[in-house]
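Some notes on the structure that comes next.
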Ligand code: SF4
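Residue numbers (the working numbering), protein chains in the order written: chain S, 111 to 720; chain E, 23 to 235.
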């Protein structure tokens, strides 16, 4: 294929050619399994994602497996590829995706689903499983959105549920044996269905009630488990983590070393899916992290390290780790960044240490404006906490503060929404009250309000989502209450959140909507310039599917939810209990103070549960 | 702190690395090779590095120049190590300490390009083109399009079968891109279509007609 010719005509051709430092190149004759890791978005988004870095190097450590990367071509590239009949290809060897043995997609956000369909279509692979043949590769998906696999159940051959570092090697071992055996494809699915975390949708039948809700989901194959238990890593120090990550040749979104301090979250915010599905909290030791950091610094040359976890300041070894990291980085002009700090455990000390290297803006996520609302979502943070933190920050020389909020939360009132603006105004006041000789000039308070999307396996999984008009009204309520010029207010497109809500809690019947949407040209929904709400609505109408059924309806506890075919460890009883407590505005303690019996301990425990 | 000049080649997949990304890529490669660069002062320190003449994305070159300030004297082994730590398609093929009197990157005046076409061009056609009194093309700048005569900036243009050799004005005062010359040839040479081509930069010359290193 004459790729060079079209690469001259597209934006950012570096997206498609690879050859970055630390990318893996193998002799194809020595490879037995060819694995295409597909990220359903552009290169600079995909390469920023931690999971791809881990699995790429993990798989490539196996001598006879060659894992290559595939990203969604941007619209200009897709147009050229279609015009020149160039099928979707891997960036390492430019091999057509259809020639691989296994194609794995990672599901990071629902609004990438049409890109998956489109990537399969560009590969010449039928998106619907039933249309594929014995000659086609296996197509599977994993990642956080796979906790509700159902919207893609008719697309994927199988799903990997949970953390796949260990599971993926088991699946590869099974694949190796299966490939040698020459048996039909179904035999491979039968081999792997007993591996923990593997969900094979064709081994389950779903029947529906007259009102459209699910009547029953049950296995039609003797080997398929009644519920698929997620897989997770027990020993975070022993689990594989790459020390030689790829350094892209073009700028990507998160262009730095990422240290994963721990998985899970002790907090239990009721809107947060990650906080539920990644339980229990399991930490890496500072020793292990420092050893990794040192190698990663040497092997990448990156100028920034970020500590990444759901709630970084809850890491028990934070002090030891930051001390150690500062030692490793200061002389080498490497920045440390500390995202997602919790304001109640914010430490002035830590802030000043990091500041020695670079002073950047600070981010806080109170999530809701009023105390009542924060209690409903179990965000155990008070206004005093926030004020104390921002005052410290201002006195420490920071003048930029970002505040993240959500609107559309269950039980929310107009007062709750307006309280977001009022809180921002109070932050401005805290700045003005900071002695002039301590604070820096140029105050900027950025308020971001995203729209709440109820997610599976959270206490709010039964809730109705606000409609577009309501969300827009709420956005304006905030705007109208903001008076200070130092406050910059951003909000998110409500239409996108509403659509995300449909697929987040969708079922198998949505596959046909995805297929038609792709045919109509829907893709890159997460990109503002590509999002076509009207086309989506047209698609729902012509497929006879009512999106309101999925997002506008408050579900009863009696209803069987599509994603309950998966068992994330957190029990339904706990989620119901939490939902009831939310309605009463009662708080639940964090895992470290007191176990609240979420069910994960019985499921297998580990980490903070022990 | 010691000032060095490096000469490097850019080829293969690396031809798609943009000028802006190149500085970042080099600074990371130096770090990987354990060569301490000198950084600017301030809250956002950046390495003191400059690239001679930007190379358009998609072009290869055997003679790019970069100046950088390094904290310690470099040995041959440092360059070998650096070459191991560069991404595929980039190779340092020369380095020297910058001494007073040496030409500066700002002294660049010309660049030579080798263009491989998918067809042969007759030398007479090229001669005819060069014998014109002017070569007016539409030049697009950020704000406007204007007609300019590019002939004064074409120092020489010769052909050998499918391979064109162009010496064009380059550097801070006048800079003519080889793609624009191909456009002009399409406009003024009967029957010439640029088609599929590869452009390779083979020389960068300063005002004394010599290379930078
Ligand atoms: S079992 Fe208890 S300690 Fe373990 S994750 Fe659940 S609530 Fe936290």
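The beta-carbon is built from N, C-alpha and C at its ideal position, and this holds for glycine as well. The structure displayed is predicted, hence computed values, not measured ones.
Is the Cβ of residue i closer than 7 Å to any Cβ of chain S?
i              : result
residue 102(E) : no
residue 116(E) : no
residue 47(E)  : yes
residue 135(E) : no
residue 67(E)  : yes
residue 76(E)  : no
residue 43(E)  : yes
residue 130(E) : no
residue 194(E) : no
residue 57(E)  : no
residue 24(E)  : no
residue 110(E) : yes
Can you find a CB in chain E that lies within less than 7 Å of the CB of residue i?
i              : result
residue 532(S) : no
residue 603(S) : no
residue 81(S)  : Only positions 111 to 720 of chain S appear in the structure, and residue 81(S) is not among them; the question remains open.
residue 443(S) : yes
residue 589(S) : no
residue 115(S) : yes
residue 711(S) : no
residue 467(S) : Unreliable positioning characterises residue 467(S) in this predicted model, as indicated by a pLDDT of 45, which lies under 50. The coordinate reading is nonetheless provided below. Output row for residue 467(S): interface = no.
residue 454(S) : Summary for residue 454(S): the model assigns pLDDT 47, below 50, so the residue's position carries little reliability, and this model does not support an answer.
Using beta-carbon positions only, say whether residue i and residue j come within less than 7 Å of one another.
i              : j              : result
residue 23(E)  : residue 60(E)  : yes
residue 434(S) : residue 53(E)  : no
residue 138(E) : residue 185(E) : yes
residue 216(S) : residue 161(S) : yes
residue 624(S) : residue 562(S) : no
residue 611(S) : residue 261(S) : no
residue 560(S) : residue 516(S) : yes
residue 267(S) : residue 250(S) : yes
residue 680(S) : residue 640(S) : no
residue 129(E) : residue 228(E) : yes
Quick one: grab the DSSP three-state call for residue i.
i              : result
residue 189(E) : strand
residue 514(S) : strand
residue 445(S) : strand
residue 270(S) : strand
residue 314(S) : strand
residue 78(E)  : coil
residue 173(S) : coil
residue 225(E) : strand
residue 587(S) : helix
residue 386(S) : helix
residue 288(S) : helix
residue 439(S) : helix
residue 572(S) : coil
residue 159(E) : strand
residue 521(S) : coil
residue 659(S) : helix
residue 567(S) : coil
residue 472(S) : strand
residue 121(S) : coil
residue 492(S) : coil
residue 560(S) : strand
residue 84(S)  : Given a span of 111 to 720 for chain S in the structure shown, any question on residue 84(S) remains unanswerable.
residue 148(S) : strand
residue 651(S) : helix
Run down chain A in chain order and give the residues with a C-beta less than 9 Å from the C-beta of residue i.
i              : result
residue 410(S) : Among the protein chains of the structure shown, namely S and E, there is no chain A.
Practice problem: With 7 Å as the limit, tell me which residues of the segment 119 to 134 of chain S have their beta carbon closer than that to any beta carbon of chain E; keep them in chain order. | Solution: 123, 124, 127, 128, 129, 130 and 131
Self-check item: chain E contacts from the segment 354 to 366 of chain S (Cβ-Cβ distance under 9 Å)
Solution: 357, 358, 359, 360, 361 and 365
Practice problem: Could you name the residues of the segment 202 to 235 of chain E whose beta carbon sits closer than 9 Å to any beta carbon of chain S, in the order they occur along the chain? | Solution: 218 and 220
Quiz prompt | Near-chain S residues of the segment 27 to 39 of chain E - C-beta to any C-beta below 8 Å | solution = 34, 35, 36, 38 and 39
Practice problem: May I ask you to list, following chain order, the residues of the segment 78 to 92 of chain E that have a beta carbon less than 9 Å from some beta carbon of chain S? | Solution: 79 and 80
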